[in-house]
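Number of protein chains: 2
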Amino acid sequence: MGLLEDTIAKINPLDKDAMAQAVAHINSLTMPPWALGRILDLAVELAGMTRDITLPVARKEIVLMAGDHGIVAEGVCPQPSAITTQMVYNFTQGGAGINVLATVAGAHVTVVDMGVASDLSELVRAGLILDHKVAYGTKNFAQGAAMSREDAIRALEYGIATALELADSVDVFGTGEMGIGNTSPSSAIVTVLAGETDPAPYVGRGAGLAVERLAHKAAVIRRGIELNRPDKNDGIDVLAKVGGFEIGGIAGLILGAASLHKPVVVDGFISSAGALIAAVLSPTARDYMILAHGSAEPGHMKMAELLGKKPMLDLSMRLGEGTGAALSMNLLDAASAIMNKMATFESAGVETEGLK
Amino acid sequence: MGLLEDTIAKINPLDKDAMAQAVAHINSLTMPPWALGRILDLAVELAGMTRDITLPVARKEIVLMAGDHGIVAEGVCPQPSAITTQMVYNFTQGGAGINVLATVAGAHVTVVDMGVASDLSELVRAGLILDHKVAYGTKNFAQGAAMSREDAIRALEYGIATALELADSVDVFGTGEMGIGNTSPSSAIVTVLAGETDPAPYVGRGAGLAVERLAHKAAVIRRGIELNRPDKNDGIDVLAKVGGFEIGGIAGLILGAASLHKPVVVDGFISSAGALIAAVLSPTARDYMILAHGSAEPGHMKMAELLGKKPMLDLSMRLGEGTGAALSMNLLDAASAIMNKMATFESAGVETEGLK
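If you read the sequences in order, they're chains X and H.
Counting in our numbering, the final residue of the first sequence is number 356, and the numbers go up one at a time with none missing.
Counting in our numbering, the final residue of the second sequence is number 1356, and the numbers go up one at a time with none missing.
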């Protein structure tokens, strides 16, 4: 059995006992019933994931998967692929949005080269990024498969391996990505997994595509889907035909984290495409996903619906990199602190009259 | 001129130059246009408030105003007023939700007795709470005015005084409250200020009122409005007739903070009632308000609409105490960090092709 099958086999549902214990503890705390709403829902889910009602979430890791995309040859995004490389350098120098917001969150950032179309060995040798490069960018999925089935499995297993490598020093993972062109495969993935043929409702401006180019972008993605005919019941097939290396890495990271009973905070549109692939491979893996925020990309709401999840934040963000995951980690800290530090009615001498 | 008029006279609009500088700086940072959405909107607003594009927000203070309400005699809430006092003790012992979430936010909590119906002098002498008690709870506004006009002014000026006392060590204020029965005056205030007569759409379960008692609660509030006929153009009159001491304190705190060019993070339903009173007294004061979260109380959306503000978070919370304000302060830290620590396209050597 390979790493992928082995990992999927280890993914268990949430621990119902821990969740029931969490609910009982919450109901003893000095506040009206469920008065902290979704923070308490989150606390219960985290208890179920971690099997621990103290909710260990202190050690946070944003895993930023980077890759390039052959589809950019079709004129679907205004930026050149070179910006992926430039941004990877920016990440290693601490100057990008994710560096700043990870610091605010108390999170570490690990950058992984999953398939950037340039030689990053200088950064690998310096220990600044992890090398899981599958290839120098995907192929143009408007003209054939984005990658071979073997490479899709490789991307997934590199993602799993990343989770396993980091696991000993991580309580919570967050996903992030960088890859010029990667909204196109993400739009393709949500279209296919929704069982639809027209990507137009799920195509957005990405990093700033002109509104008048949206129809062209949708037509290119539609052509890619029609040409490749991905099998929506086969996550590897969807990833191979219309996906991306960083999207596969994210899917693998999620599967790895779920197999370890560790929560994964899923960032925005591209990360959710990875989450969708993970969910096809293991529906149970969804139990370990926390959707960080609702992206400004129009296809993200559909992704959330397919995942059966409601995003925690809604701040019209569309940066990616894991910035939404980093921002929402504060809510996990809040949930954990409530479980550990709040007084009970009994300890505080507060009456429960009218509260039960 | 009294402290109230003097404070209102000092409230200036946001600084447009600082806002323009903030926008220009943001557009130089290594991300697609406005890719961090509302975090960037917030950064610009904070620059306008503080006149400083480095956005000083490190020193955070939650001011928790406590008061009791005569309206509880009408059976509008299941808990006895004694719980207000018990919770004030809980706050001073660090065991309440606000203590926990303020710690997560890096915020200090100051508890103010604005009108609790018990003798809290023991806590005042111990330096654990501030004493701005107007009276031992309001009168029952279903049978007459909640307080005299003089006491309403006193509550507002105590709130202003609190802001002035704390200002030297505070960059950002957050509002909070505790007061059994205080959803009723808050529902009355939003009804009156919306220019409506039926409070029913704005009446909710507060800290857990049974659904079948909602119609009674709405009828009591309606009677209070019809009996008192508050003048919606006179914030003092509305506060006096159907308000509360802690609601007046919150309104005053907001006016004081605005006069000092300091941002105020407004918590949920009751805090927004205070914000509405402040906005009647000084429409410009709204410029300094940040709505923390959308409360689960049904009247809160109308309050946000009247204030012309969109809440930052939406987590189905209904605890009050300032817990939503504390949770959302992380977003202010994020906005400030982005302004201070992110690389520019030029400094990071990232192309701007396709991004402008």
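The C-beta atom is built at its ideal place from N, Cα and C for all residues, glycine as well.
Distance CB(residue i)-CB(residue j) smaller than 7 Å
i        : j        : result
I11(X)   : L281(X)  : no
F1269(H) : V1134(H) : no
D287(X)  : L40(X)   : no
L1101(H) : L1327(H) : yes
L1046(H) : A1325(H) : no
A1018(H) : G1048(H) : yes
T30(X)   : A343(X)  : yes
I254(X)  : A240(X)  : no
T1000(H) : V1116(H) : Limits of chain H in this structure are 1001 at one end and 1356 at the other, which puts residue 1000(H) out of reach.
A1126(H) : K1302(H) : no
M114(X)  : G249(X)  : yes
V76(X)   : V220(X)  : yes
A1252(H) : L1156(H) : The amino acid occupying residue 1252(H) in the given sequence is Gly; Ala does not appear at that position. Going by C-beta atoms, G1252(H) is nearer than 7 Å to L1156(H).
T54(X)   : N340(X)  : yes
A1200(H) : A1188(H) : no
H1300(H) : M1317(H) : no
N27(X)   : A73(X)   : no
K262(X)  : L291(X)  : no
L1120(H) : T1092(H) : no
I1160(H) : L1003(H) : yes
I71(X)   : S184(X)  : yes
A1107(H) : I1180(H) : no
A1167(H) : L1313(H) : no
D1333(H) : V104(X)  : yes
I98(X)   : G176(X)  : yes
A257(X)  : F345(X)  : no
A963(H)  : I1236(H) : Since the first and last residues shown for chain H are 1001 and 1356, residue 963(H) lies out of range.
Beta-bridge pairing of residue i - partner residues as DSSP gives them
i        : result
E61(X)   : H108(X), F173(X)
H1293(H) : L1313(H)
L130(X)  : V112(X)
V266(X)  : L291(X)
V1278(H) : It should be pointed out that residue 1278(H) corresponds to Ala in this sequence rather than to Val. None; A1278(H) has no bridge partner.
T1344(H) : L1029(H)
A66(X)   : D113(X), M178(X)
Neighbouring residues, chain H, relative to residue i (Cβ below 8 Å)
i       : result
L327(X) : I1039, N1330, L1331, A1334
P33(X)  : G1208
R338(X) : One point to set straight first is that residue 338(X) is Ile, not Arg, in the sequence displayed. Correct list: G1097, V1100, L1101.
Closer than 7 Å at the beta carbon, the chain X residues around residue i
i        : result
L1036(H) : G97, M317, L319, T323
Under 8 Å from the C-beta of residue i: neighbouring residues of chain X
i        : result
N1182(H) : The premise fails here: N1182(H) is roughly 13 Å from chain X at the closest Cβ pair, so nothing lies under 8 Å.
Contacts of residue i in chain X (Cβ-Cβ under 9 Å)
i        : result
G1349(H) : Q86, Y89, N90
M1342(H) : G95, A96, G97, N99, V100
E1353(H) : P78, Q79, P80, A82, I83
Beta-carbon neighbours of residue i, restricted to chain H and to distances below 9 Å
i      : result
T30(X) : Q1086, M1087, N1090, G1095, A1096, G1097
Distance cut-off 6 Å: residue i Cβ against heavy atoms of the ligand ZN
i       : result
T162(X) : Within the structure as shown, the ligand ZN is missing, as the structure has no ligands at all.
>> At 4 residues or longer, what runs of the alpha helix (DSSP H) sit wholly inside the region 166-209 of chain X?
In response: Listed in chain order, the complete alpha helix (DSSP H) runs (minimum 4 residues) inside the region 166-209 of chain X are 183-193.
>> Against chain X, which members of the region 1184-1200 of chain H pass a CB distance test of less than 9 Å?
In response: Within the region 1184-1200 of chain H, no residue has its Cβ closer than 9 Å to any Cβ of chain X.
> Using Cβ-Cβ distances below 7 Å, what residues of the region 1042-1056 of chain H are close to chain X?
Replying inline: Answer set for the region 1042-1056 of chain H: empty.
> Looking at chain X, which residues of the region 1094-1105 of chain H have a Cβ within less than 9 Å of any of its Cβ atoms?
Replying inline: For the region 1094-1105 of chain H, which is checked against every Cβ of chain X, the residues closer than 9 Å are G1094, G1095, A1096, G1097, N1099, V1100, L1101, T1103, V1104, A1105.
> Given a limit of 8 Å on CB to CB distance, which residues of the region 1120-1151 of chain H reach chain X?
Replying inline: Taking a C-beta cut-off of 8 Å against chain X, none of the residues of the region 1120-1151 of chain H qualify.
> Taking a cut of 8 Å between CB atoms, which residues from the region 1288-1317 of chain H lie near chain X?
Replying inline: So the list reads A1296, M1312, L1313, D1314, L1315, S1316, M1317, given in the order they occur along the chain.
>> Beta carbons nearer than 9 Å to chain H: which residues of the region 75-91 of chain X have them?
In response: The region 75-91 of chain X vs chain H, Cβ under 9 Å: C77, P78, Q79, P80, A82, I83, Q86, M87, Y89, N90.
> Fully enclosed by the region 210-238 of chain X, which alpha helix (DSSP H) runs are 4 residues long or longer?
Replying inline: Taking 4 residues as the minimum length, the alpha helix (DSSP H) runs contained wholly in the region 210-238 of chain X are 214-228, in order along the chain.
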